[in-house]
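**Student:** Residue numbers (our numbering): 3 to 285. The beta carbon of each residue, even a glycine, is placed where N, CA and C say it ideally should be. No experiment lies behind these values; they were computed from the predicted model shown.
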Ligand SMILES: [Zn+2]
């Protein structure tokens with residue numbers, strides 16, 4: 003009789019723990035008997051739990067914007083950057099983010115797009131993923147304060163070797179570590195470790211395998227943007243076998259949809275010199 007009662011008690015406690023865990027309702031008092039680790043496991047099983055629950059109609063397509071450099075207004079006015087389609091001025095970027103915010107767009111991170119693609123997370127039609135290729139330092143200096151101001155998120159795809167070797171004009175490894183720890187507006191993902199060039203089809207699989215190994219010594223990236231949007235079957239095979247869960251192309255100028263391969267997600271290039279109406283036509 004006594005055994006039965008204690009079994010029932012344990013059962014009741016387990017049910018309580020399981021239902022309380024996802025919303026963080028477990029009191030500290032249970033932590034001593036291993037409840038804390040049980041709660042962690044429950045959370046681990048559902049990566050979608052940390053994102054806002056959306057109950058409306060799921061988005062059919064999502065705009066993934068691609069920027070490169072974000073520079074100060076004075077730099078943009080200089081002859082070096084004036085005509086560069088890759089260098090957007092601080093004020094142009096601000097105007098675009100302000101417009102998105104004003105029109106009710108919600109910025110998402112790579113994981114949210116991935117979970118949406120897998121059918122594990124619903125996203126509103128007005129979702130947008132803001133990405134920056136090449137890991138230029140201006141992204142941290144000029145874009146990040148604007149993202150913070152509007153409480154928006156962005157993803158910086160960095161070239162591992164450039165950051166690890168503190169290449170001029172690139173986010174340094176020290177800064178990368180600091181930003182990764184101290185803020186939640188800009189996340190960092192991969193633009194390869196040292197393959198920022200066209201990778202020939204022959205030998206591509208082995209090259210990417212080696213590159214991922216080196217990358218994983220310094221970074222814990224799960225998403226990748228192909229340099230120049232260039233990919234081939236060997237590269238894709240190597241990424242599929244790695245910790246990279248999803249990869250983005252470049253140059254299609256098209257929305258991301260769930261019927262695209264997870265390793266060929268399309269993006270939209272924001273030309274730094276295009277008119278404001280050219281920018282808003284995607285929304
Ligand atoms: Zn690039």
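1. For residue 123 and residue 51, I'd like the C-alpha separation in whole angstroms.
2. Cα-Cα, which of 57, 181, 184 is closest to residue 127?
3. How would you call residue 283, buried or exposed, if buried means at least 16 neighbouring beta carbons within 10 angstroms?
4. Flag this pair as yes or no: are the beta carbons of residue 149 and residue 195 separated by less than 8 Å?
5. Mind checking whether residue 92 and residue 73 have CB atoms under 8 Å apart?
6. Could you give the DSSP three-state label for residue 28: helix, strand or coil?
7. In this structure, does DSSP put residue 108 in helix, strand or coil?
8. Considering only the beta carbon of each residue, do residue 109 and residue 155 sit closer than 8 Å?
9. With three or more beta-carbon pairs closer than 8 Å as the criterion, would you say the segment 248 to 257 touches the segment 222 to 235?
10. Sort 78, 117, 267, 71 by Cα distance to residue 47 and report the nearest one.
11. Got a list of residues with beta-carbon closer than 5 Å to any non-hydrogen atom of ligand 1, in chain order?
12. Once the 5 residues before and after residue 63 are set aside, which same chain residues still bring their CB inside 6 Å of it?
13. Should residue 205 be labelled buried (16 or more other beta-carbon atoms within 10 Å of its own) or exposed?
14. Do the segment 71 to 89 and the segment 135 to 146 meet, that is, are 3 or more Cβ pairs less than 8 Å apart?
15. In angstroms with no decimal places, state the Cα-to-Cα distance between residue 61 and residue 125.
16. Note down the Cα distance separating residue 236 from residue 203, rounded to an integer number of angstroms.
17. Who does residue 134 pair with in a DSSP beta bridge?
18. Leaving out five residues on either side along the sequence, give the residues of the same chain with a beta carbon under 6 Å from the beta carbon of residue 240.
19. By the 10 Å Cβ neighbour count, where 16 or more other Cβ atoms means buried, how is residue 185 classified, buried or exposed?
20. Assuming contact is defined by CB atoms lying nearer than 8 Å, are residue 272 and residue 232 in contact in what I supplied?
21. Give the straight-line distance between the Cα atoms of residue 23 and residue 55, rounded to the nearest whole angstrom.
22. Any idea what DSSP makes of residue 113, helix, strand or coil?
23. I'd like to check one pair, residue 141 with residue 129: are the Cβ atoms closer than 8 Å?
24. Measuring alpha carbon to alpha carbon, tell me which of 115, 101, 82 ends up nearest residue 53.
**Tutor:** So, to answer that:
1. 9 Å
2. Checking every option, the nearest Cα to that of residue 127 belongs to 57.
3. Under this definition residue 283 is an exposed residue.
4. Cβ atoms of residue 149 and residue 195: not closer than 8 Å.
5. yes
6. Only weak support exists for where residue 28 lies, its pLDDT of 42 falling under 50; the coordinates are left without a value.
7. strand
8. yes
9. yes
10. 117
11. 135, 136, 229
12. 257, 259
13. exposed
14. Enough Cβ pairs lie closer than 8 Å, so yes.
15. 6 Å
16. So the alpha carbons of these two residues sit roughly 7 Å apart.
17. 69, 158
18. 207, 210, 211
19. exposed
20. no
21. Residue placement at residue 23 is poorly supported in this model, since its pLDDT is 45, which falls under 50; the coordinates still yield a value, given next. Computed Cα separation, rounded: 17 Å.
22. In this structure, residue 113 counts as helix in the three-state DSSP scheme.
23. no
24. 115
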